[in-house]
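Here is the structure we will look at.
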Amino acid sequence: MLLNIKVFGIVQGVGFRPFISRIAGDFFILGTVANKGSYVEIFAQGTPKNLENFVKAITEKAPPRSAILKVDVTEIFTEKIFTDFKIVESEHEAGDIFVSPDIAICENCASELFNPADKRYLHPFINCTACGPRLSILENMPYDRERTSMKNFPMCESCAAEYFNPASRRFDAQPICCNNCGPKVYILNSHEKNHDAIKKVRKILAGGGIAAIKGIGGFHLACDAKNFAAVQKLRESKIRPTKPFAVMFKDIAAVQAECFLTDNEKIFLDSPQKPIVLLQKNNSTIAKNVAPNINKIGAMLPYTPLHLLIFNFPDEIKNFPTALVMTSGNPSGVPIAIDDETAAESFGDFCDVIISNDRKILMRADDSVMDFIDNEPSIIRRSRGYSPLPIFFDNSLIPALAIGGELKNTFCLAKNNLLYPSPYIGDVSDLRTVEILKSSIRRMMDLLEIRPKVVACDLHPRYQTSKVAAEIAQNLQIPLVKVQHHYAHILSCLAENNFNGEVIGVAFDGTGYSADGTIWGGEIFICDTKNYRRVGHIAKFRQAGGDKSSKESWRSAISMLKDFSVAKDLNLVEERNINAQILMLEKNLNCVESTSCGRLFDAVSAILGICKVSSYEGEAAMKLQSVAETSTKNLHGDFTVGKDLILPTDELFNEILLRRLNGAGVADLAKFFHVQLAEMVAQACEIISLQTKIKTVAISGGCFQNSLLTSLTLKKLKLRGLKVLRQKLIPPNDGGLCVGQILGACN
Ligand code: ZN
Ligand code: FE
């Protein structure tokens, strides 16, 4: 019996063909396996029983880094033709393309790395078919060494022998190399290379210095995470006063010494993606200024051989730090640095050492960031390790490009049933970022072989991203579709959940351009993938002070006051600033009507004295949540959502203010706010559900990054018999906007 088997999914660059060749041996199968570019094609000849087991083994025993989306099996009626099983080369066929993300170093490679008898002993670029860089070194498809930045490093004889040996772990591993033929690490502007370079970095870090380290997707800035002064120096040099830094721990034990770690969190923390996972602090000895006033620490594990070498190199330093701050090395406001020039220019003057290497990074990949809500993932930044893995959507999509939002930008390409979100780009308000966005789009279009027939962007006329989209539409002569910001958030949730029916969409977010000239951000829709209708929202207020109000939360607080005279009792800011803000409101100058839920969080944070001015986006809300989580009291509240479906958040705000002035505890009030807001959402959804019979609620938007609000909302909606869709592996914040814009554009 002869079968033709096509396997679709991530089956390139993950050791898939050698795996097939191996299991063919197990089941006495003869035939061939070939990489067709978009799928792997197998001709398998054997007894029916053996073939059955063989096909089963393909999905059940697939290599850990592969991801099979579909297996097509057809019988071919022909005379017996094969006498052995071979891996064959073949023509690259058009079809869905899967590009593997970068993969953290595997256990086998990690143990060879520290085995003195191994030929790759202490080799900073050790990798195999199960691990190593992929997207970040890829020039073009199909994935072959000549089309990666490894093309500059011809394999030595012994590596070549492994590369061509189907029995080897490194058979067909494109970035294969060793101490003889691989790239080299070096200290920038110095003569130190290889192991001397690593030792120097260790010495500087152990001594409280700052190092820049070139990794997989860009440079990191590092220092001892338990050394307050070192962290402070890094903060001052990077001009980043309070935004939490991520910490790379030596190993799981080092993580558990500082943080609580659930089984689920551990699985993600130690997964091949190795994201940053936000973990609850537990008597942490990490310096207080690493994540000031936040209950959590962004923890990750070493994911490149160089990271492991920096922590564990066998030299005379015995007390090397077990935790290092590892923050993206980006010139302020622009994406992470990937080349020596930019690194030297942007942080050469404050770093004590820069360790780089001669393997080029072709595509940036910031670390991904993962939080957990009710013990399930809630991704905050989806980049290294995840991008450009596609998400699957049942309805076929025309080839499309969505530019995404202005902050936390990612873009998305789509074709057929797949949406491919890009790695993290960042804040596109800077023109240097715009250039990087454009070149990243070109590169991804080439890699995925997608020629968009439509391009989507936000409604906001002044976004740089809207301009980029217009330019691309013009150049490619394709239509430009503008998708309302908060509808796009809900669409993103529908896409991720592969849901194509009608939902009640709750978008709680910062601010976004609306269809009616006001600022939206606390919206309730009835919608599906084709249309949306706004049916409810939080109480309107006048947002005064323009863009400043997103950083200066005291401005939102004053805007929401019923009676401006109490402003002075709240000890918000200097009186003249308060008066200026009041004047703007009274004269209706620089004011815009708003239903932004993000600003509501800011205002509450400010009147409770938790955060009046933010140095990073979302700071006021994050700190409000952190304080709320320390409360054990349940204050009683009594707010009713009426038929107009306007959530009485103005009354809630006033009530919190009154109770605060009467001496109620800050933490209790912070919690009260979260509980009551969730209650209002649930009430509104219940009313809509009774009217419309819609039983599914989709929640999205940056505010649902808040695990307390989300957890409470989920509970209250489920209590009312409603099914809830939320985002887990695509961010609910603006980093997931592009995915929703794709659906908006493909209507
Ligand atoms: Zn490996
Ligand atoms: Fe948003």
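If you use our numbering, the sequence shown corresponds to residues 302 to 1048, in order.
Cβ coordinates follow ideal geometry from the N, Cα and C atoms, glycine included.
Practice item. Could you name the residues that DSSP lists as bridge partners for Trp821? Key: Residue 821 sits at position 520 when you count from the first residue of the sequence shown. Answer is Gly813.
Practice item. Identify which residue in Val626, Asn620 and Asp616 has its Cα closest to the Cα of Ala600. Key: To locate residue 600, count along the sequence shown from 1; it is residue 299. Looking at the Cα atoms, Val626 is the closest of the given residues.
Point to revise | Selected residue, minimal CA-CA separation from Asp728, among Leu748, Ile988 and Tyr764 | key: Within the sequence shown, numbered from 1, the residue matching residue 728 stands at position 427. Closest by alpha carbon: Tyr764.
Practice item. With DSSP as the reference, please indicate the residues paired to Pro349 in a beta bridge. Key: Locating residue 349 in the sequence shown gives position 48, counting from the first residue. According to DSSP, which records beta bridges pairwise, Pro349 is partnered with nothing at all.
Exercise for review: Pick out the complete alpha helix (DSSP H) segments inside the segment 732–787, 4 residues or longer, and give them in chain order.
Suggested key: 732–749 and 765–777
Review point. Per DSSP, which one or two residues make a beta bridge with Ala858?
Key: Indexing the sequence shown from 1 puts residue 858 at position 557. Ala858 pairs with nothing; no bridge assigned.
Review point. Measuring CB to CB, does Ile438 end up less than 7 angstroms from Cys652?
Key: As a position in the sequence shown, residue 438 is number 137, starting the count at 1. As a position in the sequence shown, residue 652 is number 351, starting the count at 1. No, these two residues do not count as a Cβ contact at 7 angstroms.
Check your understanding: So, are the CB atoms of Leu946 and Ala979 less than 7 angstroms apart?
Key -> Here residue 946 corresponds to residue number 645 of the sequence shown, with the count starting at 1. Here residue 979 corresponds to residue number 678 of the sequence shown, with the count starting at 1. Not in contact: Leu946 and Ala979 (Cβ atoms no closer than 7 angstroms).
Check your understanding: Is Ala431 near ligand 1, judged by its Cβ being under 6 angstroms from some heavy atom?
Key -> The residue you call residue 431 lines up with position 130 of the sequence shown. Yes; taking the cut-off as 6 angstroms, the Cβ of Ala431 has a heavy atom of ligand 1 nearer than that.
Point to revise | Segment contact, 8 angstroms Cβ cut-off, at least three pairs: the segment 926–934 with the segment 845–857 | key: no
Review point. What is the DSSP secondary structure of Val334, reduced to helix, strand or coil?
Key: What you label residue 334 is simply residue 33 of the sequence shown in a count that begins at 1. DSSP places Val334 in strand when its eight states are reduced to three.
Check your understanding: CA-CA distance, Thr1014 and Val982?
Key -> Here residue 1014 corresponds to residue number 713 of the sequence shown, with the count starting at 1. Here residue 982 corresponds to residue number 681 of the sequence shown, with the count starting at 1. Approximately 7 angstroms, taken between the alpha carbons.
Review point. Can you give, in chain order, each stretch of the beta strand (DSSP E) that sits fully within the segment 913–1001 and has at least 3 residues?
Key: 997–1001
Exercise for review: With distances taken Cα to Cα, identify the nearest neighbour of Gly634 among Ser730, Glu642, Asn658 and Gln1042.
Suggested key: Reading the sequence shown from its first residue, position 333 is the one you call residue 634. Out of Ser730, Glu642, Asn658 and Gln1042, Ser730 has the C-alpha closest to the C-alpha of Gly634.
Review point. What do you reckon, are the CB atoms on Ala715 and Asp403 nearer than 7 angstroms?
Key: For this step, residue 715 is matched to residue 414 along the sequence shown. For this step, residue 403 is matched to residue 102 along the sequence shown. Not a contact, by the Cβ cut-off of 7 angstroms.
Exercise for review: Note down the Cα distance separating Ala922 from Gly899, rounded to an integer number of angstroms.
Suggested key: Translated into positions along the sequence shown, residue 922 becomes position 621. Translated into positions along the sequence shown, residue 899 becomes position 598. Computed Cα separation, rounded: 8 angstroms.
Review point. So what's Tyr487 in DSSP terms, helix, strand or just coil?
Key: Your numbering for residue 487 matches position 186 in the sequence shown. Here Tyr487 sits in strand by DSSP.
Check your understanding: What's the gap between the Cα of Pro417 and the Cα of Pro615?
Key -> Taking the sequence shown and counting its residues from 1, the one referred to as residue 417 is at position 116. Taking the sequence shown and counting its residues from 1, the one referred to as residue 615 is at position 314. Approximately 11 angstroms between the Cα atoms of the pair.
**Study point:** CA-to-CA distance, Leu506 to Ser322, given in whole angstroms
**Key:** Residue 322 sits at position 21 when you count from the first residue of the sequence shown. Residue 506 sits at position 205 when you count from the first residue of the sequence shown. Approximately 46 angstroms, taken between the alpha carbons.
Exercise for review: Report whether the distance from the Cβ of Cys407 to the nearest heavy atom of ligand 1 is below 6 angstroms.
Suggested key: One-based indexing of the sequence shown puts residue 407 at position 106. Yes, the beta carbon of Cys407 sits closer than 6 angstroms to at least one heavy atom of ligand 1.
Check your understanding: Taking 6 angstroms as the cut-off, does the CB of Asp810 come closer than this to any heavy atom belonging to ligand 4?
Key -> Absence of ligand 4 from the depicted structure is noted, with ligand 1 and ligand 2 being the only ligands included.
Exercise for review: Report the rounded CA-to-CA distance for Val374 versus Ala345, giving the unit in angstroms.
Suggested key: Within the sequence shown, residue 374 is the residue found at index 73, counting from 1. Within the sequence shown, residue 345 is the residue found at index 44, counting from 1. The straight-line gap from Cα to Cα measures roughly 10 angstroms.
Check your understanding: If we count Cβ pairs, one from each stretch, closer than 8 angstroms, do we get three or more for the segment 870–877 versus the segment 788–801?
Key -> no
Exercise for review: Report the three-state DSSP secondary structure of Gly516 (helix, strand or coil).
Suggested key: Your numbering for residue 516 matches position 215 in the sequence shown. If DSSP states are grouped into helix, strand and coil, Gly516 belongs with coil.
Exercise for review: Can you tell me the Cβ-Cβ gap for His811 and Gly1037, rounded? I've got them flagged as a contact below 8 angstroms.
Suggested key: Within the sequence shown, the letter at position 510 stands for residue 811. Within the sequence shown, the letter at position 736 stands for residue 1037. The residue you asked about is not His; residue 811 is Gly in the sequence shown. Going by Cβ atoms, the distance from Gly811 to Gly1037 rounds to 14 angstroms, so no, they are not a contact pair.
Review point. For the alpha helix (DSSP H) that Thr375 lies in, which residues bound it at each end?
Key: The residue you call residue 375 lines up with position 74 of the sequence shown. Looking at the DSSP string, Thr375 is not in any alpha helix (DSSP H); the run it does join, the beta strand (DSSP E), is Ala368 to Ile377.
Practice item. Compute the Euclidean distance between the alpha carbons of Val548 and Asn613, then round it to the nearest angstrom. Key: What you label residue 548 is simply residue 247 of the sequence shown in a count that begins at 1. What you label residue 613 is simply residue 312 of the sequence shown in a count that begins at 1. The straight-line gap from Cα to Cα measures roughly 17 angstroms.
Exercise for review: Specify the secondary structure class of His790 as computed by DSSP and reduced to three states.
Suggested key: Position 489 of the sequence shown, counted from the start, is the residue given in the question as residue 790. Residue state, collapsed to three classes: helix.
Review point. Should His937 be labelled buried (16 or more other beta-carbon atoms within 10 Å of its own) or exposed?
Key: As a first step, residue 937 must be located in the sequence shown, where it is residue number 636. Exposed, because fewer than 16 other Cβ atoms sit within 10 Å of the Cβ of His937.
Exercise for review: Would you mind stating whether Cys1039 and Leu698 have Cβ atoms separated by less than 7 angstroms?
Suggested key: For the purposes of this step, residue 1039 is taken as the residue at position 738 of the sequence shown. For the purposes of this step, residue 698 is taken as the residue at position 397 of the sequence shown. Taking 7 angstroms as the Cβ cut-off, Cys1039 and Leu698 do not qualify as a contacting pair.
Practice item. Taking only the alpha-carbon atoms, compute the straight-line gap between Phe693 and Leu1026 and give it to the nearest angstrom. Key: Taking the first residue of the sequence shown as 1, we reach residue 693 at position 392. Taking the first residue of the sequence shown as 1, we reach residue 1026 at position 725. If I take the Cα positions, the gap works out to 16 angstroms.
Point to revise | Span separating the alpha-carbon of Phe520 from that of Asn631 | key: If you number the sequence shown from 1, residue 520 lands on position 219. If you number the sequence shown from 1, residue 631 lands on position 330. One C-alpha to the other measures close to 8 angstroms.
Practice item. Let me know the secondary structure DSSP gives Ser322 once reduced to three states. Key: Residue 322 sits at position 21 when you count from the first residue of the sequence shown. Helix, per DSSP.
Review point. Considering only residues of the same chain and omitting the five flanking positions on each side of Phe1111, which have a CB-CB separation below 8 angstroms?
Key: Any property of residue 1111 remains undetermined from this structure, which presents the chain solely from 302 to 1048.
Check your understanding: Could you give the distance in angstroms between the alpha-carbon of Pro319 and the alpha-carbon of Asp385?
Key -> Working through the sequence shown from its first residue, we reach residue 319 at position 18. Working through the sequence shown from its first residue, we reach residue 385 at position 84. Whole-angstrom Cα-Cα distance: 14 angstroms.
Review point. Taking C-beta to C-beta, are Val654 and Val486 nearer than 7 angstroms?
Key: The residue you call residue 654 lines up with position 353 of the sequence shown. The residue you call residue 486 lines up with position 185 of the sequence shown. Going by C-beta atoms, Val654 is not nearer than 7 angstroms to Val486.
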